[in-house]
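Residue numbers (the numbering used here): 1 to 269.
Just below is one structure, and these are the notes that go with it.
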Ligand SMILES: [Zn+2]
């Protein structure tokens, strides 16, 4: 009994030391009230979350801040957290941006280059139709001190693309965004969170400083700038879950969800 307890305490200490510097990266999609869509967070809930971060001393940082910290040891503010928005919906501009600016907070948006300023018809999941940010919105987003990354040209499953298509999706999307916005595009977001070694290698060759996945597909033990695990923020989660997801114990959430997914996968087999 005593030995079991000792092993558990030792494991907890190792776990705490190993992951104490990991920074939570949150993944949002739409900021809108869409009943039944867990990827659309109602504006009042988003506002509540930003106020929670402010009240509890969290500081939003950019992905470049993370890069500079990892590569050049540039210090970070206390309790850093990264906010990211996938797909570049118009409500990110009209709703999230003013709330972020009011609180002097930072976030990164990942538009899909060929779907900028259009309806979200790349989604075949019976989702509510909506607009995406146009080029002018993206320019204003950047001018407000926010970050922009690439979410590819067409939002394909990169693991199903041949190398020619992979190169186009990663390199051309970066080039077009840089040309149109006059901003450096340093980070890539893998559509659906899926990637493989080829995607990682090509991302490096294209000059990305890092790439973002979803916690379920990213390695947990090693910190890899080209497979950064993100935590989805669902409209269905209670407030305590958000508090856990941004805390230094967020890694515990990722670990438990990975175990849960692994168990489900085993049951299906
Ligand atoms: Zn996406």
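Ideal Cβ placement from N, Cα and C applies to all residues, glycine included.
Euclidean distance between Cα positions of residue i and residue j
i           : j           : result
residue 204 : residue 226 : 8 Å
residue 145 : residue 27  : 19 Å
residue 166 : residue 212 : 16 Å
residue 2   : residue 8   : 10 Å
residue 36  : residue 89  : 18 Å
residue 194 : residue 217 : 7 Å
Residue i CB to nearest heavy atom of ligand 1 below 6 Å
i           : result
residue 111 : no
residue 162 : no
residue 191 : yes
residue 87  : yes
Helix, strand or coil at residue i [DSSP, three-state]
i           : result
residue 137 : helix
residue 58  : coil
residue 159 : helix
residue 8   : helix
residue 28  : strand
residue 53  : helix
residue 234 : coil
residue 247 : coil
Spatial neighbours of residue i in its chain, beta-carbon cut-off 6 Å, leaving aside the 5 residues before and after
i           : result
residue 117 : 134
residue 74  : 68
Same chain, Cβ closer than 8 Å to residue i, five either side skipped, listed in chain order
i           : result
residue 196 : 158 and 159
residue 202 : 163, 166, 167, 170 and 171
residue 220 : 229, 251, 254, 255 and 258
Close-in-space but distant-in-sequence residues of the same chain around residue i (CB under 7 Å, 5 per side omitted)
i           : result
residue 34  : 40 and 128
residue 103 : 50 and 54
residue 70  : 225
residue 86  : 27, 29, 110, 151 and 189
residue 80  : 23, 59 and 61
residue 234 : 38
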